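Engineer:
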Amino acid sequence: MWAFIVKRLLLMIPLLVGITLVSFVVIHLAPGTPVELQTTMSPKVSLEAQKRLRELYGLDQPLHIQYWNWLKRMVFLDFGLSFSPDRRPVWDKIKERLPVTITLNLLSLLIILGVAIPIGVLAAVRPHSWFDRATTLLVFFGFSMPTFWLALLLMMFFGVYLDWLPISGLTSLGYLHFTWWQKIQDLVAHITLPVLVAAFGGLAGMSRYMRANMLEVIRQDYITTARAKGLPERTVIFKHALRNALLPVITMLGLSVPGLIGGSVIFESIFSIPGMGQLFYGAVMARDYPLVMGELVIGAFLTLLGNLLADVGYALVDPRIRAE
Amino acid sequence: MRRREFWARFRRNKMAMSGLLLVGGMFLVSFFAPWLAPYDPSQIDLKEALLPPSAKHWLGTDPLGRDVLSRIIYGSQVSLKVGFVAVGLATLIGLVVGAVAGYYGGWVDLVLMRFVDLMLCFPSFFLILAVIALLEPSIWNIMVVIGLTSWMGVARLVRAEFLSLKEREFVEAARALGASDLRLILRHLLPNAMAPVMVNATLGVAGAILTESALSFLGLGVQPPTPSWGNILTAGKDNLEIAWWLSLFPGLAILVTVMSYNLLGEGIREAIDPRLKD
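Quick mapping for you: the protein sequence lines, in order, are chains A and B.
In this text, residue positions in the first sequence follow full-length UniProt numbering: the first is 1, and each later residue adds one.
In this text, residue positions in the second sequence follow full-length UniProt numbering: the first is 1, and each later residue adds one.
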């Protein structure tokens with residue numbers, strides 16, 4: 001098992017280097033040098049800041065040396081200072097917002113699994129039943145729903161019309177003076193809509209995937225064997241089939257990480273949630289390049305991490321993978 | 001007679017046919033927008049601002065008094081353009097990368113496919129936003145950026161098709177007759193690999209329309225005064241408490257359009273290979 005993990009970790013290194021290379025290319029895509037671009041677009045940038053910028057990018061040096069220097073800083077999580085008036089290090093800004101985004105995304109993953117797996121299994125057990133048809137239609141609906149529109153509709157209905165749930169931020173005004181029970185209630189009320197919106201995007205794909213897995217497994221010989229030896233259908237489905245159909249879901253979870261992280265830009269900026277997505281949106285609007293680059297690298301790193309965890313998880317539950 | 005079989009199967013599929021009809025309808029709406037729209041979509045009339053739906057303005061008006069129905073009708077042009085140009089670009093890149101990787105194999109394949117893996121590591125919405133931050137947000141930049149960040153699926157598909165096709169006898173025969181690499185790729189391999197690419201492209205249009213509307217909604221896509229479904233919704237968000245019609249109708253337009261491309265794509269997929277149904 002350890003050999004497997006070490007191998008996966010080593011495989012990650014070239015990908016990580018590649019990620020930084022692509023990010024580096026992206027920032028050099030801009031017409032003109034980053035420094036000119038900054039200074040022509042923002043009159044707020046002082047001469048001193050210009051100089052620091054030039055030093056940050058080392059623009060007087062050849063491109064490969066620039067990249068090498070940039071990479072060295074990246075290893076120590078040094079993404080430079082933000083262009084915003086507070087001039088804080090980019091990493092500090094990202095660090096304080098990561099837990100919010102990761103928690104919300106984990107919660108929505110739990111909802112996705114909790115809803116999509118039963119739907120997929122029930123649809124696969126009775127293909128072409130009314131339930132299967134209804135969920136197929138719902139899946140098309142889910143694939144086609146713009147999540148930001150869903151967020152608007154939910155805000156309008158639960159936030160404005162019914163006035164049940166708050167529609168922005170993570171906490172209410174007097175949060176600091178609440179008792180711990182009130183604090184929990186307040187937090188739950190604030191994150192309900194964002195988490196539902198974030199989960200919705202992944203539901204359709206996951207339930208479709210689960211249905212396909214389950215149909216595939218039910219076709220296998222060992223299921224026929226299990227039925228032939230007279231096991232009750234319940235045991236066949238939930239013990240023999242479901243366990244095997246669940247395995248690939250781990251991979252799917254890893255693959256859904258980039259979508260979730262990307263989606264957090266949308267739901268966090270709509271619901272004004274102080275997470276990575278909202279930070280990124282603000283950085284893009286303010287053309288805060290160091291922050292944009294830092295977020296891009298961290299976002300890709302989280303994706304890699306998600307894939308790694310999925311691979312390791314899969315290897316843990318399925319010995320066939322480890323043997324490869 | 002594969003084409004006739006395809007049509008026979010496609011026509012029997014109710015969901016696919018409704019997708020096709022809706023997509024056709026959308027094309028007509030955007031081509032005939034100037035005749036269909038009751039008002040000039042950018043005509044400002046502050047006296048008429050934020051009016052709810054009525055006989056005069058079927059879908060109400062926005063904060064500048066512009067007719068929402070007319071803006072939605074014109075907005076369909078943006079979706080159509082972005083959908084097709086972005087997907088065209090993505091498909092072209094994907095075809096070239098996938099064909100070269102699959103045909104030549106070896107280290108070329110290794111390098112190209114590792115690059116595909118690499119591009120898939122980036123949350124694509126992050127990458128798109130980062131590039132938009134560097135360039136100016138405009139409809140052209142959006143098309144290019146969506147295209148440049150969504151070709152990886154096509155590349156993988158084409159490569160997989162090529163890997164199996166190039167071992168087949170008809171390719172061997174063509175090679176024995178002295179066909180060049182380029183001729184083999186363009187005349188013999190590519191046409192046989194196009195079916196899954198078409199399905200992918202149709203579904204890709206749906207994805208591109210969703211991405212464009214999300215970007216425009218965030219103010220990083222099509223810029224006002226050009227109407228797009230996403231930027232009408234921005235006004236909807238700002239007036240959430242007083243103007244439900246601004247949020248409801250443009251979103252419905254996105255939902256219906258995206259769904260019709262998804263239905264069409266799945267319909268084509270099932271008509272090409274009925275086994276895929278399950």
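All C-beta atoms, glycine included, are put in the ideal place defined by N, C-alpha and C.
These figures come from a predicted structure and were not determined experimentally.
(1) For K93 (chain A), count neighbouring Cβ atoms within 10 angstroms of its own Cβ and tell me buried if that reaches 16, exposed if not.
(2) Report all residues from its chain with a CB closer than 6 angstroms to the CB of V144 (chain B); omit the five preceding and five following residues, and keep chain order.
(3) Please report the distance separating the alpha-carbon of L184 (chain B) from that of A155 (chain B).
(4) Give the straight-line distance between the Cα atoms of A160 (chain B) and T91 (chain B), rounded to the nearest whole angstrom.
(5) Kindly list the residues whose CB is nearer than 7 angstroms to the CB of S256 (chain A), restricted to its own chain and excluding five residues on each side of it in sequence; keep chain order.
(6) At a Cβ threshold of 7 angstroms, is G18 (chain A) touching chain B?
(7) Taking the beta carbon of M1 (chain A) as the centre, do at least 16 other beta carbons fall within 10 Å, making it buried, or is it exposed?
(8) Show which residues of chain B have a CB atom less than 9 angstroms away from the CB atom of I281 (chain A).
(9) If I'm right that L193 (chain A) touches F143 (chain A) with Cβ under 8 angstroms, what's the distance once you round it to whole angstroms?
(10) Going by other Cβ atoms of all chains shown within 10 Å of its Cβ, with 16 needed for buried, is F249 (chain B) buried or exposed?
(11) My assumption, with CB atoms under 8 angstroms, is that M152 (chain B) sits in contact with L120 (chain B). Please give the rounded CB distance.
(12) What in chain A is Cβ-close to E241 (chain B), meaning under 7 angstroms?
(13) Say whether chain A places a C-beta atom closer than 7 angstroms to the C-beta of A133 (chain B).
(14) For chain A, find out if any of its Cβ atoms is closer than 7 angstroms to the Cβ of N262 (chain B); answer yes or no.
(15) For A134 (chain A), decide whether its Cβ has a neighbour in chain B, counting only Cβ atoms nearer than 7 angstroms.
(16) Going by other Cβ atoms of all chains shown within 10 Å of its Cβ, with 16 needed for buried, is W107 (chain B) buried or exposed?
(17) Do you know whose CA, among B:L69, B:G221, B:R3, lies nearest W35 (chain B)'s CA?
(18) Please classify S82 (chain A) as buried or exposed, where buried requires at least 16 other C-beta atoms within 10 Å of its C-beta.
(19) Would you give the residue range spanned by the alpha helix (DSSP H) that P34 (chain B) belongs to?
(20) For P52 (chain B), does the three-state DSSP call read helix, strand or coil?
(21) Relative to the C-alpha of P123 (chain B), which candidate in A:L316, A:G306, A:V317, A:R320 has its C-alpha closest?
(22) Determine which residues share a DSSP beta bridge with T61 (chain B) and list them.
(23) Going along chain B in order, which residues have a C-beta closer than 7 angstroms to the C-beta of F24 (chain A)?
(24) CB A49 (chain B) to CB G65 (chain B), shorter than 7 angstroms?
(25) Using a Cβ distance threshold of 8 angstroms, determine whether the segment 17 to 24 of chain B contacts the segment 286 to 306 of chain A, with at least three qualifying pairs required.
(26) Among A:T20, A:G230, A:V115, A:I5, which one has its Cα closest to the Cα of N69 (chain A)?
(27) Please list, in chain order, the residues of the segment 152 to 183 of chain A that have any C-beta partner in chain B closer than 9 angstroms.
(28) Using only the alpha-carbon positions, how far apart do A226 (chain A) and G120 (chain A) sit?
(29) Kindly indicate the opening and closing residues of the alpha helix (DSSP H) around T192 (chain A).
(30) Listing by chain order, which chain B residues have their CB less than 8 angstroms from the CB of L296 (chain A)?
(31) Taking contact to mean at least 3 C-beta pairs separated by less than 8 angstroms, is the segment 221 to 230 of chain B in contact with the segment 130 to 147 of chain B?
(32) Considering just the uninterrupted stretch of the alpha helix (DSSP H) at E212 (chain B), what are its terminal residues?
(33) Using DSSP's beta-bridge definition, name the partner residues of L81 (chain A).
(34) Say whether chain B places a C-beta atom closer than 7 angstroms to the C-beta of I266 (chain A).
(35) Relative to the alpha-carbon of A33 (chain B), which residue among B:G207, B:P53, B:R11, B:I72 has its alpha-carbon at the smallest distance?
(36) Which bits of chain A does A214 (chain B) rub up against, with CB to CB less than 7 angstroms?
Structural biologist: Judging by the given coordinates:
(1) Under a 10 Å Cβ-count criterion, K93 (chain A) is classified as buried, with 16 or more other Cβ atoms of the shown protein chains found around its own Cβ.
(2) If we look at V144 (chain B) and ignore the five residues flanking it on each side, it has no Cβ neighbours.
(3) In this model, L184 (chain B) and A155 (chain B) are separated by some 18 angstroms (Cα to Cα).
(4) Roughly 15 angstroms separates the two Cα atoms.
(5) Closer than 7 angstroms at the Cβ level, and outside the excluded window around S256 (chain A), lie G202.
(6) Output row for G18 (chain A): interface = yes.
(7) Classification of M1 (chain A): exposed, given that the 10 Å Cβ count is below 16.
(8) Reading off the sequence, residue 281 (chain A) comes out as Tyr, not Ile. Against chain B, the beta carbon of Y281 (chain A) has neighbours under 9 angstroms at L129, L218, L220, listed in chain order.
(9) Rounded to whole angstroms, the Cβ separation of L193 (chain A) and F143 (chain A) is 21 angstroms, and the two are not in contact under 8 angstroms.
(10) Buried is the label assigned to F249 (chain B), since at least 16 other Cβ atoms lie within 10 Å of its Cβ.
(11) The beta-carbon separation of M152 (chain B) and L120 (chain B), rounded to 5 angstroms, stays under the 8 angstroms limit for a contact.
(12) By Cβ distance, chain A contributes V160.
(13) At least one chain A Cβ lies under 7 angstroms of A133 (chain B).
(14) Proximity of N262 (chain B) to chain A, defined by a Cβ-Cβ separation below 7 angstroms, is satisfied.
(15) For A134 (chain A), the answer is no, since every Cβ of chain B falls outside 7 angstroms of its Cβ.
(16) By the 10 Å Cβ count, W107 (chain B) comes out exposed.
(17) The candidate whose alpha carbon is nearest that of W35 (chain B) is B:L69.
(18) By the Cβ neighbour-count rule, S82 (chain A) is buried, with 16 or more other Cβ atoms within 10 Å of its own.
(19) Segment 33 to 36, the alpha helix (DSSP H) holding P34 (chain B).
(20) The answer is coil: DSSP assigns P52 (chain B) none of H, G, I, E or B.
(21) Of A:L316, A:G306, A:V317, A:R320, the residue nearest in Cα terms is A:G306.
(22) For T61 (chain B), which the question treats as bridged, DSSP gives the partners B:D67.
(23) Proximity of chain B to F24 (chain A) at the Cβ level (cut-off 7 angstroms) is not reached, the minimal Cβ distance being about 12 angstroms.
(24) Yes. Within cutoff.
(25) Short answer: they don't touch.
(26) Ranking the options by Cα distance to N69 (chain A), first place goes to A:T20.
(27) Correct list: L152, L153, M155, M156, G159, V160, Y161, I167.
(28) Computed Cα separation, rounded: 21 angstroms.
(29) Per DSSP, T192 (chain A) is one residue of the alpha helix (DSSP H) stretching across 180 to 218.
(30) Listed along chain B are F122, F126, L127, A130, each with a C-beta nearer than 8 angstroms to that of L296 (chain A).
(31) Segments in contact, yes.
(32) Note, E212 (chain B): alpha helix (DSSP H), 190 to 217.
(33) Bridge partners of L81 (chain A): A:P89.
(34) Judged by the 7 angstroms Cβ criterion, I266 (chain A) is in contact with chain B.
(35) Answer by Cα proximity: B:I72.
(36) Simply P146, F148, I266.
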